[in-house]
Every structure is written in C-alpha cells, then in structure tokens.
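Okay, so here's the structure we're looking at.
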Amino acid sequence: MKYKVEIYEDEDLGGLMIDVPEEISLLFHLVLSDIQEVKSGIRLDLVNKVLSKESSYEEITGNSCTMEINYDMTKIIFEFATEGSPDHCLIETEELKKIFMLWDEAIEKKYGESN
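Residue numbers (UniProt numbering): 1 to 115.
Here is the structure:
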C-alpha cells in the first residue's frame, strides 16, 4: 500500500479511528462521518464498478463528503471545509479500495461478520 494508514480502537471514544497522511487527510472525514462503523458497502461497490471498467465514472455524496470516482484517481470533496482549509484531495482509486478493505477488516474484527 502506498499510504501509511492506521486503524485502531480509540478506548476513550469507544470506536474505531483512522489516521491517514496529510495529503489524503479528507479521507478521515469520509470514513468517520460517511461510512462510520459499518462496512464500505456501496462506496466500495462503486469503486469496484469503475476499476472493473463496468462504468467510467461514479459519484456518491454522503453526510460530509462527495466521492468523484474515476479509473485512475478519485476526488474526495469535503462539503463543510472552512475558508483556508482544503476542500478536496485526490487519491489513486486502487489505493482507496485498499483502504476501504482495511476498514472493512477492522469492522469485521470488532463486530464480527454480520455488521
């Protein structure tokens, strides 16, 4: 994997957390606000649809972020960015898939297969 990503349980908050490098920092909001403690579900499905070339482009908007998925790169747009803060980041679509799969593994480990 290209990026150093750490997924861990925050004992103070009682939930999973994710640390990502600064260049993909908005992924933090996507995972913790839009996906939360469930599997990546439809977002991973849309990534796979584009990577398999079944579709050339997909877009999905959640609680705080929009994903614009292209084959090579995915743009993550943070809908609530403040002035002077980044409002989007780019990540390789294949790398995003790997991070979603890591998140799903962490969810399965914490809650079991049924979540």
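Glycine included, every Cβ here is placed at the ideal spot set by N, Cα and C.
- One Cα belongs to S25, the other to E108, and the distance between them is close to 24 Å.
- By the Cβ criterion, the region 40–56 is in contact with the region 94–107, since at least three pairs of Cβ atoms, one from each stretch, lie closer than 8 Å.
- Within the model, the alpha-carbon separation for F28 versus K75 is close to 14 Å.
- Where D19 is concerned, there is no enclosing alpha helix (DSSP H), although the beta strand (DSSP E) around it starts and stops at 15–19.
- Exclusion of the five residues before and after F78 leaves L26, H29, C65, D87 as the residues of its chain whose Cβ lies within less than 6 Å of its Cβ.
- The beta carbons of L51 and T82 sit no closer together than 8 Å.
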